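Written out below as structure tokens is the structure these notes cover.
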Amino acid sequence: MRKVRPAWAVLSVALFAVGAFVAAEWLFVLSAIAGCAAASLAVVGGRTATGLALGAGAVPVSAVRALPWLARGVKERGAPPMTRPVLATAGLLVVFVPLLAGADAAFADLLGSVVPDESSGQPIILFLAVGLCTVGACYLRVSPVNLESAAVLDRTVARRDWMLPVGALVLLFATFVAVQINTLFAGDEHVITTADLTYADHARNGFWQLLAVTVLTLGVIAIVARRAHLDSATDRKWLRGLLGALSGLTLVIVASALTRMWLYQQAYGFTVLRVLVSACELWLGVIYLLVLAAGVRLEAGWLARAVVGTGFATLVGLAALNPDRFIAERNIDRWHETQKIDIWYLGRLSDDALPALASLPPDLRDCALAFRRVEPDDWREWNLGRQEARATLAGLNLGACRR
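In the working numbering, the protein residues as written are 34 to 436.
Below is the structure:
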């Protein structure tokens with residue numbers, strides 16, 4: 034029987050817990066998808082990139098295969114002793130509960146607060162999905178499958194064949210960093226002193242090119258690391274040195290991209306997309322640090338797990354930042370400095386941002402919170418962000434928007 038991997042299990046719980054603390058739906062959707070993948074990895078594990086990719090979806094896929102296994106088990110063992118009493122109890126409740134609920138409104142309200150609303154079918158769908166995934170997880174625990182590919186490294190590329198292209202790339206990156214060092218990190222001063230250069234030119238356009246460079250360089254490093262000859266100590270030294278230099282220079286480019294995006298947001302405002310892309314770029318920077326660590330001994334057996342794990346951890350960290358509230362607070366700070374604010378965009382943020390928006394002057398606050406209502410949650414739907422939003426709204430005396 035497989036052992037549950039505690040690290041993946043903890044990450045899964047943390048990702049699913051986002052829904053209890055953060056009201057932003059877009060963040061919960063991302064966290065729930067990642068939480069399902071982490072839960073699947075907690076059951077089946079994975080060491081290589083292939084094993085992790087297959088393991089992330091193994092539990093839901095195996096749910097279909099597990100149904101015949103479950104049916105055989107029930108048939109062989111027979112019905113449990115409590116089956117008949119449970120069915121009899123369910124039958125009685127189906128008959129009497131609707132009758133009593135129709136006879137008294139107070140009793141009907143009590144049932145309504147306990148039993149979920151099935152008009153949309155969502156509770157039933159969710160129950161079936163969780164049930165099937167549970168069956169799939171049990172099946173994989175008692176019937177392990179090998180998801181790892183036979184990792185045979187095709188180290189057929191001689192040193193002279195990879196040194197020239199990688200060395201040229203290192204030289205190119207070094208030249209770019211050296212020539213553009215003022216552009217990369219001078220920030221406001223460079224924008225102000227350069228003719229016909231705006232923040233949009235300096236930050237937004239440059240950011241996407243640098244992001245593409247960061248991703249493509251990872252592919253180059255992966256190919257060379259898997260295929261380069263390591264027959265001699267000289268081969269290993271050159272591989273370690275050139276790939277280390279390439280990774281280090283790319284880290285500088287990552288820092289440049291993050292700096293550009295930060296300057297752009299300070300000038301034009303913070304948005305969900307900009308914060309999310311910045312978090313992805315930050316994760317790429319962490320990956321390059323992991324690559325540098327793996328290159329010290331040229332041992333990368335742990336690298337794939339670390340990359341996926343840090344990706345999940347980055348998402349948890351983003352949730353801890355509370356991005357919608359962070360965006361509202363930064364834009365309000367920017368308004369204090371520039372008197373510029375997109376109040377209609379801020380008004381579309383989730384309930385997480387409401388306590389920050391309440392600090393605006395009445396004329397701006399009334400527009401940002403116009404028609405904002407936070408419906409009460411029952412015990413199944415409790416959310417900290419919505420609770421704080423309701424408490425904030427209760428203490429405000431909102432007027433009509435005059436903008």
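Quick reminder that beta carbons are idealized off the backbone N, C-alpha and C, glycines included.
Every value quoted in this text rests on a predicted model; they were computed, and no experiment measured them.
Nearest by alpha-carbon distance to Val-51: which of Thr-347, Arg-381, Leu-387, Asp-396 is it?
Thr-347
Give me the Cα-Cα distance between Arg-419 and Ala-72, rounded to the nearest whole angstrom.
One C-alpha to the other measures close to 27 Å.
Pull up the CB-CB distance for Leu-476 and Leu-426, whole angstroms please, since I reckon it's below 8 Å.
Residue 476 lies beyond the stretch modelled for the chain, which goes from 34 to 436, so this question has no answer here.
Quick check on this structure: which residue in Leu-251, Cys-166, Thr-189 has the alpha carbon closest to the alpha carbon of Leu-202?
Leu-251
Going by Cα to Cα distance, which pick from Val-305, Leu-317, Leu-323, Val-310 is closest to Trp-59?
Val-305
Between the CA atoms of Trp-195 and Pro-157 - distance to the nearest angstrom
Strictly speaking, residue 157 in this sequence is Ile, with Pro absent from that position. Their backbone Cα atoms lie some 57 Å apart in a straight line.
Residue burial classification, Glu-314 (beta-carbon count within 10 angstroms, cutoff 16):
buried
Alpha carbons only, please: which of Asp-410, Ala-47, Leu-417, Trp-377 is nearest the one belonging to Leu-402?
Trp-377
State yes or no: is the C-beta of Trp-168 within less than 9 Å of the C-beta of Ala-99?
The amino acid occupying residue 168 in the given sequence is Val; Trp does not appear at that position. A contact, by the Cβ cut-off of 9 Å.
CB-CB length for Val-77 against Leu-180, believed under 8 Å
Separation of the CB atoms of Val-77 and Leu-180 is rounded to 6 Å, and the pair is thereby assigned contact status at 8 Å.
Euclidean distance between Cα positions of Gly-84 and Ala-353:
29 Å
Nearest-angstrom Cα distance between Lys-36 and Leu-173?
11 Å
Start-to-end residues for the alpha helix (DSSP H) that takes in Glu-362:
356-371
Whose C-beta lies closer than 6 Å to the C-beta of Leu-351 among residues of the same chain, with five residues either side of it excluded?
These residues qualify, in order along the chain: Ala-312.
Tell whether a beta-carbon distance below 9 Å holds between Phe-54 and Ala-65.
no
With a Cβ-Cβ cutoff of 9 Å, do Val-340 and Leu-323 count as a contact?
yes
Nearest candidate by alpha-carbon position, reference Lys-373, set Ala-300, Ala-266, Val-62
Ala-300
How big is the Cα-Cα spacing for Ala-70 and Val-43?
Per the coordinates, the alpha-carbon of Ala-70 lies some 12 Å from the alpha-carbon of Val-43.
What do you get for Trp-316, buried or exposed, if any count of 16 or more other CB atoms within 10 angstroms of its CB means buried?
buried
Please state if the CB of Ala-391 and the CB of Leu-417 are separated by a distance shorter than 9 Å.
Cβ distance not < 9 Å, so Leu-417 and Ala-391 don't count as in contact.
Can you find the residues in the same chain that come closer than 6 Å, C-beta to C-beta, to Phe-240, ignoring five residues on each side of it along the sequence?
Ala-290, Arg-293, Met-294
Do Ala-258 and Ala-333 have their beta-carbon atoms positioned less than 9 Å apart in this structure?
yes
Start-to-end residues for the alpha helix (DSSP H) that takes in Cys-400
395-401
Just how far apart, CA to CA, sit Val-285 and Val-210?
8 Å
In the DSSP assignment, find the alpha helix (DSSP H) that holds Ser-45 and state where it starts and stops.
39-54
Close-in-space but distant-in-sequence residues of the same chain around Arg-423 (CB under 6 Å, 5 per side omitted):
Excluding sequence neighbours, Arg-423 sits near Val-407.
Within 10 angstroms of its Cβ, does Ile-320 collect 16 or more other Cβ (buried), or is it exposed?
A buried status is given to Ile-320, since no fewer than 16 other beta-carbon atoms sit within 10 Å of its beta-carbon.
I'd like the span of the alpha helix (DSSP H) that includes Leu-390, first residue to last.
387-390
Any beta carbon from chain B within less than 9 Å of Asn-416's own beta carbon?
Here chain B cannot be found, since the structure has a single protein chain.
Cβ neighbours of Ser-383 in the same chain (closer than 6 Å, five flanking residues each side left out):
Ala-56, Ala-57, Asp-357
Separation of Ala-104 from Val-92, as counted between CA atoms
Going by the C-alpha atoms only, they are around 18 Å apart.
Selection from Thr-247, Arg-260, Ala-266 that minimises the alpha carbon distance to Val-287:
Thr-247
Buried or exposed: which applies to Leu-144, given that a residue is buried once 16 or more other Cβ atoms fall within 10 Å of its Cβ?
exposed
Note down the Cα distance separating Phe-160 from Leu-132, rounded to an integer number of angstroms.
Going from the Cα of Phe-160 to the Cα of Leu-132 covers about 26 Å.
Just the C-alpha distance for Arg-269 and Ile-256, rounded to the nearest angstrom, thanks.
15 Å
Per DSSP, cross-strand counterpart(s) of Ala-278:
Per DSSP, none; premise fails for Ala-278.
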